[in-house]
Amino acid sequence: MKLASYIRLLRPKLMGAKHQHTYGDAIHELNSAVLYEERCQHLWPFLTAIGVTNEHLKHFHIIHVAGSKGKGTTCAIMESVLRNSGYRTGFLSSPHLVNVEERIRIGGRPISKEQFAQLFWDVHESVEQVASTEGLKPPSYLQYIILMACKAFVKEKVDAAVVEVGLGGRYDHTNFFSNPCVTVVTSLSLEHTEVLGNTIEEIAGKKAGIFKHGCPAIVSDDQTDGAINVFLSEASKIGCPLYICPRFEELCADNPQVKAKVSNALQSSCPSDNSHCVRTRNMILGLAAVHIWLQRRRGVQFSSGLQPPLRFELDTHQVESRTNYRFWSVSRNSIT
1 MKLASYIRLL RPKLMGAKHQ HTYGDAIHEL NSAVLYEERC QHLWPFLTAI
51 GVTNEHLKHF HIIHVAGSKG KGTTCAIMES VLRNSGYRTG FLSSPHLVNV
101 EERIRIGGRP ISKEQFAQLF WDVHESVEQV ASTEGLKPPS YLQYIILMAC
151 KAFVKEKVDA AVVEVGLGGR YDHTNFFSNP CVTVVTSLSL EHTEVLGNTI
201 EEIAGKKAGI FKHGCPAIVS DDQTDGAINV FLSEASKIGC PLYICPRFEE
251 LCADNPQVKA KVSNALQSSC PSDNSHCVRT RNMILGLAAV HIWLQRRRGV
301 QFSSGLQPPL RFELDTHQVE SRTNYRFWSV SRNSIT
């Protein structure tokens, strides 16, 4: 062995100090997991190993969000509204803009580099041990982030968690929640067609995979007829109430106070006409999802056999090819 290598091995002992894993070490180790083949193995053995139970997940009262466009904005709106309503919020987003710790937020703020490093090494130690003893492959990059977020949410005792799907929905790593509070699908477009499919209907099928039995699902108002039919079929098959978000004009027709509040918020955040239209759709969808979330927290029961309170029904003159179905959405008077 070369002298330099021997000294490096002895250095921690010679210094009389235990090596401390740093943020940089965590990033290096996490990035190495990108090379792992993306796996669809269940996360439950790893969740159990880090001390996260199904009861913990239920306490998060999760809003699970899929879609092609507007996911990030809609998630940010929901997190902000819930946080400013007095709830302790957690937010798992994807992807990050600058630093990976941005993906995990508590109370509206990304966790610190120090918190990220501590979380990663705590999770790493537990999952590597269970992977070794049970013959499992170690988690991938995205699975590590999800595990870290869940551990952070437990530690910080969040009571409202917004979780953004990474890719698709049905086979996404985040799709292991058995009982989310609300599921949301934003606008769709042809994206990642090699994975999700070559048509909007195929993509809608992947997004609808986050629907859960008895859990209200709400979709944006700009979905195509084909996508709506896919959503309706999935909701009927698994037994979940399906909502279509009202348009801004419909929501505010009899509620000038809501119209003024939303208009002021939009005017300050997006000056151009096009972004104003998009942001309006995202904001209304976020507000509608929060309304349903609050109703569930207050004990209102939603089921496919019950008519939700303050219904909004699409008329035949509004949507030509949807006349054979009845879609329920939040009322124009239901958000205050």
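Per full-length UniProt numbering, residue 1 is the first one in the sequence shown, and the count goes up by one each step.
By construction, the Cβ of each residue, glycine as well, lies at the ideal position given by its N, Cα and C atoms.
| Check | Outcome |
| --- | --- |
| Residue from Arg170, Ser220 and Met148 whose Cα sits closest to the Cα of Gly51 | Met148 |
| Length of the line joining the Cα atoms of Arg105 and Val81 | 15 Å |
| Start-to-end residues for the alpha helix (DSSP H) that takes in Val165 | Segment: none, Val165 is in no alpha helix (DSSP H) and carries neither H nor E. |
| Sufficient close CB pairs (3 or more, under 8 Å) joining the stretch 68-80 to the stretch 154-166 | yes |
| Beta-carbon proximity check, Pro33 vs Ser189, cutoff 7 Å | The displayed chain sequence assigns Ala, not Pro, to residue 33. In this structure, Ser189 does not lie closer than 7 Å to Ala33 by Cβ. |
| Rounded straight-line distance, which links the Cα of Asn282 to that of Ala288 | 10 Å |
| Simplified DSSP assignment, three categories, for Pro95 | coil |
| The stretch 189-199 contacting the stretch 82-101, beta-carbon criterion three pairs below 8 Å | no |
| Inter-residue Cα distance where the pair is Gly205 and Thr174 | 16 Å |
| N- and C-terminal bounds of the beta strand (DSSP E) containing Arg105 | Ile104 to Ile106 |
| Minimum length 3: unbroken beta strand (DSSP E) runs contained in the stretch 36-82 | 62-66 |
| With 16 other Cβ atoms within 10 Å as the buried cut-off, status of Tyr243 | buried |
| Neighbour-count burial assignment, Lys137, 16 or more Cβ in a 10 Å radius | exposed |
| Gly305 - DSSP class collapsed to helix/strand/coil | At Gly305 the pLDDT is 37, less than 50, meaning the model places this residue with poor confidence; the figure from the coordinates comes in the next sentence. Gly305: coil per DSSP, three-state reduction. |
| Enclosing alpha helix (DSSP H) for Ile210 [first to last residue] | It is not in any alpha helix (DSSP H) - Ile210 carries neither H nor E in the DSSP assignment. |
| Distance between Gln295 and Phe46 (C-alpha atoms, nearest Å) | 32 Å |
| The stretch 212-219 in contact with the stretch 177-186 per 3-pair CB rule at 8 Å | yes |
| CA-to-CA distance, Ile27 to Pro246, given in whole angstroms | 43 Å |
| Backbone secondary structure at Val154 - three-state DSSP | helix |
| Coarse secondary structure for Gly90, derived from DSSP in three states | strand |
| Outcome for Asp172 when other beta-carbon atoms lying within 10 angstroms are tallied against a minimum of 16 | buried |
| Nearest-angstrom Cα separation, counted from Ser220 out to Val230 | 14 Å |
| With 16 other Cβ atoms within 10 Å as the buried cut-off, status of Lys71 | buried |
| Cutoff 6 Å; reference Ser5; Cβ partners in own chain excluding five residues on either side | Interpretation of Ser5 is limited by its pLDDT of 39, a score under 50 that renders its predicted location unreliable; the figure taken from the coordinates is listed afterwards. Closer than 6 Å at Cβ, skipping near neighbours: no residue. |
| 6 Å CB neighbourhood of Ala131 in its chain, flanking five on each side removed | Pro138 |
| Where Thr186 sits in the DSSP three-state scheme | coil |
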